[in-house]
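Adding 1459 to a residue's 1-based position in the sequence shown gives its number in my numbering. Working notes, beginning with the structure itself.
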Amino acid sequence: MDYKEKIDPAKLPQHIAIIMDGNGRWAQNRGQVRVFGHQNGVESVRQTATAAAELGIKYLTLYAFSTENWKRPKIEVDALMNLLVSSLSSELGTLMDNNIRLRAIGDVSHLDQECYSQLQETIGLTSGNTRMELILALNYSGKWDIATAARKIAEDAVTGKINTDDISQELFGTYLDTKDFPDPELLIRTSGEYRISNFLIWQMAYSELYFTPVLWPDFRKADLYEAIYDFQQRERRFGMISEQIKPADDK
Ligand code: FPP
């Protein structure tokens, strides 16, 4: 089925977040080392980012490296860092051609120096782009984000910059690393795993979750269209009942 044709442009999610999973299994299924899967995942990133920008999605967040991923064998961590450096450099043309602005969330200052520098350079070079923001979650985890926000709030309360009475959900959100972006309406996870894996745990309070068995290196534009079409069939009630959220003439 051609899901692109069926997507309602008036009901697009503003922000899609993706857990790109299954690279290792994709490689192992082919008798290759895990890094081969990550390398092939770059084409999926390119296809997904361009498809999202073409559709009119405003924010796309990709979970590229979690705080827990440091526990992987050093050879894989090093290969992932090298792949990020080379991809950020080789994909600059794709970002510019598609008017995509690169952003990052996570404790990026603790990435390898080369990776950090390349990231900052690409962020700077794309800072004038306006069609879509591609947000890479790098050395990111949801618990890290929440704990860091709590520490900054405590510091501001101690110095008198804020009153403890001011601490609300809205204020808390402004201390998170995602403060510049709306919460994702749709989370996609590939590879048939049904977990959140410490991703945007605060921000996904009301996200629609979409799980697909497709392994990340096989994920293509058509898979994104299918996920968005599926999202558009859902009724998002935000704690209310069906009758409260339907337009009056539908009741
Ligand atoms: C999860 O698959 C994937 C990752 C930890 C890394 C994702 C990185 C890329 C796609 C590389 C390029 C990224 C950018 C933004 C240029 P897994 O290794 O956990 O797979 P498995 O569950 O099959 O082992």
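C-beta atoms are modelled at their ideal positions from N, C-alpha and C, and glycine is treated no differently.
Distance check between aspartate 1571 and each of Leu1542, Arg1562, Tyr1665 places Leu1542 closest, using alpha-carbon atoms only.
Collapsing the DSSP output to three states places methionine 1540 in a helix.
If one requires a minimum length of 3 residues, the beta strand (DSSP E) runs lying completely within the segment 1483-1541 are 1518-1525, in chain order. Taking serine 1650 as the centre and dropping the five residues before and after it, the same chain places the C-beta of Asp1480, Gly1481, Leu1674 closer than 6 angstroms to its C-beta, in chain order. For the 7 angstroms CB-CB criterion, tyrosine 1518 and glutamate 1592 form a contact. For tyrosine 1634, the enclosing alpha helix (DSSP H) has its first and last residue at 1628-1634. By the criterion of a C-beta distance shorter than 8 angstroms, lysine 1530 is surrounded by no residue of its chain, once the five residues flanking it on both sides are discounted.
Here DSSP, grouped into helix, strand and coil, assigns methionine 1591 to strand.
Look at leucine 1659 here: in three-state DSSP terms it is coil, with no helix or strand label.
Between methionine 1663 and leucine 1635, the CB-CB gap reaches or exceeds 7 angstroms. Around the beta carbon of histidine 1474, 16 or more other beta carbons lie within 10 angstroms, which makes this residue buried. When secondary structure is reduced to three states using DSSP, arginine 1695 falls in the coil class, being assigned neither helix nor strand. When the five nearest sequence neighbours on each side are left out, the beta carbons in the same chain lying within less than 8 angstroms of the beta carbon of tyrosine 1462 are those of Ala1681, Tyr1684, Glu1685, Ile1687, Tyr1688, in order along the chain.
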